[in-house]
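Q: Top to bottom, those sequences are chains A and B.
Position 18 (the first sequence) corresponds to 18 in the UniProt record's numbering; numbering is contiguous.
Position 389 (the second sequence) corresponds to 389 in the UniProt record's numbering; numbering is contiguous.
Protein chains: 2
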Amino acid sequence: MSKREQSFWGWGYADKFPDDEGRKNLGSQVTAMLGFDEVELLEPPSLDDVELRPPRVEPPEALAAICSTDKRERTTHTYGKAYRDIVRGFRADFGEPPDFVAYPTSADDVRRVLDWASDEEVAVVPFGGGTSVVGGVETDVTNGASGSFRGVVSLDMRCMDRVLEVDKTSRAARIQAGATGPRLAEQLHEHDLSFRHYPQSYEFSTFGGWIATRAGGHYATRYTHIDDFIESVQMIAPAGEFQTRRLPASGAGPSPDALALGSEGALGVITEAWTRVHLRPRFRSKASVHFAEFEDAVRATREVVQSGLAPANLRLLDSREAMLNGVVFDGSNVLLVAFESPRVPTEPDLERALEICREFDGKLAGEPVHVDEHDKSPDSEAGGRWRSSFFEGPYLQNTMVSLGVIADTFETACTWDRFDTLHRRIITDVRDAMKRVCGAGFISCRFTHVYPDGPAPYYTFLAPAKVGSELEQWDEIKSAAAEAIADVGATITHHHAVGRTHKPWYKREVPELFQRGLQQVKESFDPKGVLNPGVLL
Amino acid sequence: MSKREQSFWGWGYADKFPDDEGRKNLGSQVTAMLGFDEVELLEPPSLDDVELRPPRVEPPEALAAICSTDKRERTTHTYGKAYRDIVRGFRADFGEPPDFVAYPTSADDVRRVLDWASDEEVAVVPFGGGTSVVGGVETDVTNGASGSFRGVVSLDMRCMDRVLEVDKTSRAARIQAGATGPRLAEQLHEHDLSFRHYPQSYEFSTFGGWIATRAGGHYATRYTHIDDFIESVQMIAPAGEFQTRRLPASGAGPSPDALALGSEGALGVITEAWTRVHLRPRFRSKASVHFAEFEDAVRATREVVQSGLAPANLRLLDSREAMLNGVVFDGSNVLLVAFESPRVPTEPDLERALEICREFDGKLAGEPVHVDEHDKSPDSEAGGRWRSSFFEGPYLQNTMVSLGVIADTFETACTWDRFDTLHRRIITDVRDAMKRVCGAGFISCRFTHVYPDGPAPYYTFLAPAKVGSELEQWDEIKSAAAEAIADVGATITHHHAVGRTHKPWYKREVPELFQRGLQQVKESFDPKGVLNPGVLL
Ligand SMILES: Cc1cc2nc3c(=O)[nH]c(=O)nc-3n(C[C@H](O)[C@H](O)[C@H](O)COP(=O)(O)OP(=O)(O)OC[C@H]3O[C@@H](n4cnc5c(N)ncnc54)[C@H](O)[C@@H]3O)c2cc1C
Ligand SMILES: Cc1cc2nc3c(=O)[nH]c(=O)nc-3n(C[C@H](O)[C@H](O)[C@H](O)COP(=O)(O)OP(=O)(O)OC[C@H]3O[C@@H](n4cnc5c(N)ncnc54)[C@H](O)[C@@H]3O)c2cc1C
Chain A
1 MSKREQSFWG WGYADKFPDD EGRKNLGSQV TAMLGFDEVE LLEPPSLDDV
51 ELRPPRVEPP EALAAICSTD KRERTTHTYG KAYRDIVRGF RADFGEPPDF
101 VAYPTSADDV RRVLDWASDE EVAVVPFGGG TSVVGGVETD VTNGASGSFR
151 GVVSLDMRCM DRVLEVDKTS RAARIQAGAT GPRLAEQLHE HDLSFRHYPQ
201 SYEFSTFGGW IATRAGGHYA TRYTHIDDFI ESVQMIAPAG EFQTRRLPAS
251 GAGPSPDALA LGSEGALGVI TEAWTRVHLR PRFRSKASVH FAEFEDAVRA
301 TREVVQSGLA PANLRLLDSR EAMLNGVVFD GSNVLLVAFE SPRVPTEPDL
351 ERALEICREF DGKLAGEPVH VDEHDKSPDS EAGGRWRSSF FEGPYLQNTM
401 VSLGVIADTF ETACTWDRFD TLHRRIITDV RDAMKRVCGA GFISCRFTHV
451 YPDGPAPYYT FLAPAKVGSE LEQWDEIKSA AAEAIADVGA TITHHHAVGR
501 THKPWYKREV PELFQRGLQQ VKESFDPKGV LNPGVLL
Chain B
1 MSKREQSFWG WGYADKFPDD EGRKNLGSQV TAMLGFDEVE LLEPPSLDDV
51 ELRPPRVEPP EALAAICSTD KRERTTHTYG KAYRDIVRGF RADFGEPPDF
101 VAYPTSADDV RRVLDWASDE EVAVVPFGGG TSVVGGVETD VTNGASGSFR
151 GVVSLDMRCM DRVLEVDKTS RAARIQAGAT GPRLAEQLHE HDLSFRHYPQ
201 SYEFSTFGGW IATRAGGHYA TRYTHIDDFI ESVQMIAPAG EFQTRRLPAS
251 GAGPSPDALA LGSEGALGVI TEAWTRVHLR PRFRSKASVH FAEFEDAVRA
301 TREVVQSGLA PANLRLLDSR EAMLNGVVFD GSNVLLVAFE SPRVPTEPDL
351 ERALEICREF DGKLAGEPVH VDEHDKSPDS EAGGRWRSSF FEGPYLQNTM
401 VSLGVIADTF ETACTWDRFD TLHRRIITDV RDAMKRVCGA GFISCRFTHV
451 YPDGPAPYYT FLAPAKVGSE LEQWDEIKSA AAEAIADVGA TITHHHAVGR
501 THKPWYKREV PELFQRGLQQ VKESFDPKGV LNPGVLL
C-alpha cells in the first residue's frame, strides 16, 4: 500500500484537499456557473475530533497478527466513499466503527477469520478499496434487522495484492482480490500486458471489489462490466471454498461465476480470480464530435453502437456535462469516439463511425488523432481534458462537501425506446426535488456505456445544502431519482452495485422468486449469516 | 407447426431419409474415405413396430383440451436427438414414453400443468424442439434416483411460438419460448429484422430451448451464446413466476437472467423472453484461407480474435473436417472468415484479418467476397458448400445409424495455453477408444466459436459399430472424450448443455458449493421436485 496519506473522511489522498484560496475559487465558480447563492467555507475535521466506541470484541490470539484496532484504521473502515459517507466523515461522525480490522494475507487467513466470526457471532464486512458508493462496506450492521451480532470486523483485502500467474498465450492472469488498479497495472506491465478496465475509482478500488460489485470500466461497448473479463473465481464462504474452473466460456448449467459476480460480500470473500488481460494497445484512433442537439447526438450514438463497430470509447456528454468538465462552453453536446487495438490499425473504424456522426449533423471538433505504438503525438484537446478530469473529478466531491454543496452522481441503464421518457422524467423530478429541498440545483448527463439495445446514462447533480441537514436533503433528491428510474423500468444500478442504499429499489427490480432463491443460497454458503448483513438481501 | 412429417426415430423430416441407392452410395464413401469394412443396410423401423406402455396417468379433465395420448406424439417425445436416441429409435425401442404430452398455449396453461403435476406427483419434462443431444428431454425419469413419480408428462412448448412485440428502436423483440428458428425468423422478417442466432439445429430447436441450454449460435465471436442476446426472461416455476426486468445491462446483484440461462427445465418453464435482434446485414465480406499446417491455422485464428476484430464467422476446419464437409481434399486446413454489418462496409475488417492470416502462411482460396445489400453475388465456393452441409449434416447421422456406423460429435472450450494438450489428448484417446471397441475410427476437429482467451473445439467421430452393442461402444468412446476434457480442465460442454449424459463430468466441473446452492434454489422454485428430475442436479 502507498505511504502517501489518504483522507480519513473523504476521497483519495489527503494532500489533494485544496487550500482556502482554492476552495474559494471553486466556490465562486459554483456560484457563477450554477447560479447558487454565496457558499461558505467549512472547516475539515481532524482525526482528533473523532471519538470511537471502544471495541466490543477483541481479535482472538490466533488472528492477532493480522488484525488492528488502531484508531485511524477503524475510522477509515467505517464507511465507503458515497456522498453520505463524506458528509458524515466531514462531521467526524463515526458512530458505528468496526471493532477491529483484519488484513488477511492468504485464503487460509480468510477462512480462519470466517470460522472465528461464525463461531463468535461476529459480523464480517469484506472491504476492498472501500470506494463503495452504496453503503457496501458500512459497519453499522450489528443492530440492524439482519441479525444480532456481538461485534463487527472489517476484512480488508489489500494485503492480497499480487498478480500470481500470467498466461500470455491466452492473455489472462491470475490476480489476488486486494490488488488496486495501480498495483495490478504495475505488475502486469512487467509482462507488457494491461487490464483495460478503468473504473473512475481505479486508483483506490480493488480487483475483488470490482468482481463483488460488477464494476463498470472505461470501455464504452463490448467489455463494459468486469463480468466480461472473468474466467474463474475463487471465493471463500463460511461453508467452504468456491473455485470455478478457468474457461474462456462454457454452457454447462447456470454460470457459477455469475453468482460470485455481484455477490457484494454477502455470499463469500473473493480471494483471487483469473481474468482476461490485453496487450497494451498499439493502435488508437479518436475524435470528438459536437452536436447542437442532444437528440441528434443520442441518435448518432445509437447508430454507431448498432452498426457493429465496437468503439473503446463512445462517451456522450450533454452540453451541461461538457461544460462541467471544461470540455466546451458553447452549448454543444460532445461525443468522444475512440477505437483501440493491439494488432490492427483503427483508422478504418473511426472513419466509419464519423461518417455516421455526420449524418446526424455532428461536427468534427479538431482533427481525428491516430496513434501507432510509441508515437506520443499529443492528445486531442477535448479527449485529454476529459481524461484528466476523469480521475481528478472525485476530489471535487470533498471540496463541494466542505463548501456545503450537495454533489453526487447516479447511473442506470434502459432500452433505447424508454430513454427519452426516462431522461425527461429524471431531469424534471430531480430538478424539482433540488428546487424543493435546496432552492436550486444543477443536473447533467453523460453516457458511460452504450449497448446496441440501450444506453447507460450517468447523472451528476449539484445543489446548495442546508448545512446540518444535507443527508435528509440528499435523501429526497436521491429518492426522486430512484423512483423515476424504477417507474420507467430502468435499473437501479448499471455499475454502482446495490449495497444498502439501493436495496428498496433492488427489491422491486428483481423477481421475488429470485430473491428467495438467493436467500437460500446465502443460507447454505453462510449458515450463520455473518457476511455483510443487510447488503443485497 | 409444419405439416411435413418428421421422422419419429431420427433427425428432421422423414422424407429426407435416402433410399437404398443413396444409402449404398454413402456406405461406399464411408468405406473408401474412412477405410472401414463393408457396411450393411439396416431396415428403418415403422411406427407400427413401436409398442408403448399404456399411460399410467391420464390428463385431468381441466387440461384434457391441451393434452394428447396419441401414439406418435408419445413416441416422438420419449427422446431427444442424440446418437443414443437415434439408435434406440431405429430399434423401435421406446420403453419409457411420457404418459401424455401437454401443449400449453399460454403461461397460464403452464402454471396449471405444474400445479396439477405437483399435486399429483407427476414429473414434467419441458420439451422445446426435442433436439437435445444430452438426454435433456428424456422421459425415463420416473424410476430414477431422483424421486418417485406416478407418471411423466412431456410439456411441449411449440404452440407458444409467436413474436409478441417488436421494439425496432432498441432492436429487440419479445418472443414466446416455443418458436422454432424458422417460425421466429418468418415473423421477424415482417419487420425487416433477423435474429442472427443459428445453431445447427436451427430448423427444429426452439427459442426457449436455446435459453434453457445456453445454446451456441453461428457467430464465431462476440455473440456466441444465446446469453449474449437475452434482455429478460419469463419463467414459470411451481412456486411462482420469475419475470426479470427488460434491460440492456445491469449491475444489480448477481444476474437473475443467468439463473434461467442453462436451467435446462429443472428450475422452471421458460415461457417468453425479450431478446436482441438485428437489422438484416447489409454488408458482408468473407473469404476462405488455406493453411498447410494446423498449428499455423490455430495461431492465425488466435491472432485474429485477439486483434480486436470481431468476425461473424471464424470457423477453422482441420484437414479431415474440411474433407468430411467436402470443402477441400488436398489436406489443407481451412479458415472461413466473415464479417457482417447492418450499417458499415465490412471490407476493411476482412482485409485486416487476411493480413494476419498471411503472416501465418495462410493462402487465400479464391477471391474475397464483398456483398452490399440486395446484391446477390454468388457465394464463395467453400463458404457456400460449407453452409449447405451445415444444415444437411444432421441428416447424415440418421443414415449412418442405418448403416451401422457410430457417428457423433462432442464439443468443449479451453484456454489457448491448454489447447495443444487437450487436442492431442482427445485425438489420441478417442482414436484409441474407437480402435479398441470398434476396430477403426475417424475423428476430425473444427472450431465453432473462438474467444480472445481460447477456442471452442468441436469434434466429429465416426466408427464402425457392432450392431446391437452400439450404445456400449458409443459409451466407451464418449467417456474417453469426456475424461480427456475433464483431465485437461476444459469444459464438458461449450453449448450442448449438461442434461443427463454430461452429469458425471459436470459434477466434477462446477464447485460443490455451487451445486449445493443450486439444489437449494431448486427446492425453493420446485418444492415437489417435479421438473425434469435427474437433469443437471
Ligand atoms: C469517485 C468514485 C468513482 C467511482 N467510479 C466507478 C466506476 O467508474 N465504475 C464502477 O463500477 N464503480 C465506480 N465507483 C464505485 C466503486 O468504486 C465500485 O463499486 C468498486 O468496484 C468498489 O471496489 P472496492 O474495491 O473499493 O470495493 P469496496 O468499496 O471495498 O466494496 C464494495 C462491495 O464489495 C464487497 N467486497 C469488496 N471486496 C470484496 C472481496 N474481495 N470479496 C467479497 N466481497 C468484496 C464489499 O463488501 C462491498 O459490498 C466509484 C466510486 C467512487 C467513490
Ligand atoms: C443436429 C443437431 C445440431 C445441433 N446444433 C447445435 C448448435 O449448433 N448449437 C447448440 O447450442 N446446440 C446444438 N444442438 C443441441 C440442441 O439443438 C440445443 O441444445 C438446443 O438449444 C435445444 O433446443 P430445443 O428447443 O430442441 O430444446 P429441447 O431439446 O427440447 O430441450 C433441451 C433442454 O431444455 C429444456 N427446455 C426446452 N424448452 C424449455 C423451456 N421452454 N423452458 C424450460 N426448459 C426448456 C428441456 O427440458 C431440456 O432439458 C444440436 C443438436 C442436434 C441434434
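For each residue, glycine too, the CB sits at the ideal point set by N, CA and C.
This structure is a prediction, so every number in the text was calculated from the model and none was measured.
Cutting at 7 Å between CB atoms, please list the residues of its own chain near P309 (chain A), excluding the five before and the five after it.
A: For the sequence presented, residue 309 (chain A) should be read as Leu rather than Pro. So the qualifying residues of the chain are D349, R352, A353.
Q: With DSSP as the reference, label L350 (chain B) as helix, strand or coil.
A: Residue state, collapsed to three classes: helix.
Q: Using a Cβ-Cβ cut-off of less than 9 Å, list which residues of the stretch 337 to 357 of chain B approach chain A; keep chain order.
A: Residues F339, E340, S341, P342, R343, V344, P345, T346, E347, P348, D349, E351, R352, A353, E355, I356.
Q: Less than 7 Å separating the Cβ of F127 (chain A) from some heavy atom of ligand 1?
A: Yes, ligand 1 has a heavy atom inside 7 Å of this Cβ.
Q: Please report the Cβ distance between P199 (chain A) and R282 (chain A), rounded to the nearest whole angstrom; I am assuming they are in contact, meaning their Cβ atoms lie under 8 Å.
A: The pair is not a contact, with the Cβ atoms about 24 Å apart (cut-off 8 Å).
Q: Y506 (chain B) touches chain A at which residues, Cβ-Cβ below 7 Å?
A: Within chain A, the residues near Y506 (chain B) are A252, G253.
Q: What does DSSP give as the partner residue(s) for K363 (chain B) in the beta ladder?
A: Bridge partners of K363 (chain B): B:H290.
Q: Could you pull out every unbroken beta strand (DSSP E) segment of at least 3 residues lying fully inside the stretch 444 to 531 of chain A, listed in chain order?
A: Listed in chain order, the complete beta strand (DSSP E) runs (minimum 3 residues) inside the stretch 444 to 531 of chain A are 454 to 464.
Q: Can you round the beta-carbon distance between A123 (chain A) and V152 (chain A) to whole angstroms, since I take them to be within the 8 Å contact cut?
A: Indeed, because the Cβ distance is near 4 Å, the residues count as touching under 8 Å.
Q: How should H189 (chain A) be labelled, buried or exposed, when 16 other C-beta atoms within 10 angstroms of its C-beta is the threshold for buried?
A: Under this definition H189 (chain A) is an exposed residue.
Q: Kindly provide the ranges of any alpha helix (DSSP H) runs that are 4 or more residues long and lie completely inside the stretch 224 to 263 of chain A, ordered along the chain.
A: Segments of the alpha helix (DSSP H) lying fully in the stretch 224 to 263 of chain A: 257 to 260.
Q: Determine the direct distance from the alpha carbon of R246 (chain B) to that of V137 (chain A), and round the result to whole angstroms.
A: Going by the C-alpha atoms only, they are around 29 Å apart.
Q: Using the Cβ count rule (16 or more neighbours within 10 Å means buried), how would you classify A382 (chain A)?
A: Reliability fails at A382 (chain A), whose pLDDT of 48 lies under 50, so the model's placement of it is uncertain and the value that follows must be treated cautiously. Label assigned to A382 (chain A): buried.
Q: Examine chain E for any beta-carbon lying closer than 8 Å to the beta-carbon of P464 (chain A), and answer yes or no.
A: In the structure shown, chain E cannot be found, because the protein chains are A and B.
Q: Would you call the stretch 443 to 451 of chain B and the stretch 297 to 307 of chain B in contact, with 3 or more CB pairs under 8 Å?
A: Segments in contact, yes.
Q: Identify whether D330 (chain B) lies in helix, strand or coil by the three-state DSSP scheme.
A: Note: D330 (chain B) maps to coil in three-state DSSP.
Q: Does DSSP put A107 (chain B) in a helix, in a strand, or in coil?
A: Helix, per DSSP.
Q: Hey, E165 (chain A) and R174 (chain A): beta-carbon distance below 8 Å or not?
A: A contact, by the Cβ cut-off of 8 Å.
Q: Give the straight-line distance between the Cα atoms of L536 (chain A) and I211 (chain A), rounded to the nearest whole angstrom.
A: Looking at the two C-alpha atoms, the distance is approximately 15 Å.
Q: Could you tell me whether the Cβ of I492 (chain B) comes closer than 8 Å to any Cβ of chain A?
A: Yes, its Cβ sits closer than 8 Å to a Cβ of chain A.
Q: Rank A:T180, A:D156, A:S154 by C-alpha distance to the C-alpha of V163 (chain A) and give the top, closest one.
A: If we check each option's Cα against that of V163 (chain A), A:T180 comes out closest.
Q: Using the Cβ count rule (16 or more neighbours within 10 Å means buried), how would you classify D156 (chain A)?
A: Answer is buried; the Cβ neighbour count reaches 16.
Q: Between the alpha carbons of D379 (chain B) and I443 (chain B), how many angstroms are there, rounded?
A: Since pLDDT at D379 (chain B) reaches only 47, below the 50 mark, its modelled position is unreliable, and no value is offered.
Q: Output yes if chain B places a C-beta closer than 8 Å to the C-beta of P527 (chain A); else output no.
A: With 8 Å as the cut-off, P527 (chain A) does not count as an interface residue toward chain B.
Q: If we call anything under 8 Å between Cβ atoms a contact, is T244 (chain A) one with V233 (chain A)?
A: The answer is yes: Cβ separation under 8 Å.
Q: Can you determine whether any heavy atom of ligand 2 sits closer than 7 Å to the C-beta of N333 (chain A), and answer yes or no?
A: No, the beta carbon of N333 (chain A) sits no closer than 7 Å to any heavy atom of ligand 2.
Q: Who are C67 (chain A)'s beta bridge partners in DSSP?
A: A:A102, per the DSSP bridge assignment.
Q: Indicate whether at least one CB of chain B lies closer than 8 Å to the CB of V57 (chain A).
A: Judged by the 8 Å Cβ criterion, V57 (chain A) is not in contact with chain B.
Q: With a 10 Å radius around its C-beta and 16 neighbouring C-beta atoms as the bar for buried, classify P457 (chain A) as buried or exposed.
A: P457 (chain A) comes out buried.
Q: May I have the straight-line CA-CA distance separating L364 (chain A) from E509 (chain B), to the nearest angstrom?
A: L364 (chain A) and E509 (chain B): Cα-Cα distance of roughly 52 Å.
Q: Taking the C-alpha atoms as reference points, what is the distance between F8 (chain B) and A14 (chain B)?
A: Looking at the two C-alpha atoms, the distance is approximately 8 Å.
Q: Just the Cα atoms here: how many angstroms apart are T493 (chain B) and E231 (chain A)?
A: T493 (chain B) and E231 (chain A): Cα-Cα distance of roughly 15 Å.
Q: Going by the CB atoms, is the gap between S154 (chain A) and F127 (chain A) shorter than 8 Å?
A: In this structure, S154 (chain A) lies closer than 8 Å to F127 (chain A) by Cβ.
Q: So what's D19 (chain A) in DSSP terms, helix, strand or just coil?
A: Three-state result, D19 (chain A): coil.
Q: For A484 (chain B), which residues in chain A fall below 7 Å Cβ to Cβ?
A: Those within 7 Å of A484 (chain B) in chain A number zero; the least Cβ separation is about 15 Å.
Q: For A117 (chain A), is the classification buried or exposed, using 16 other Cβ atoms within 10 angstroms of its Cβ as the cut-off for buried?
A: Result: buried.
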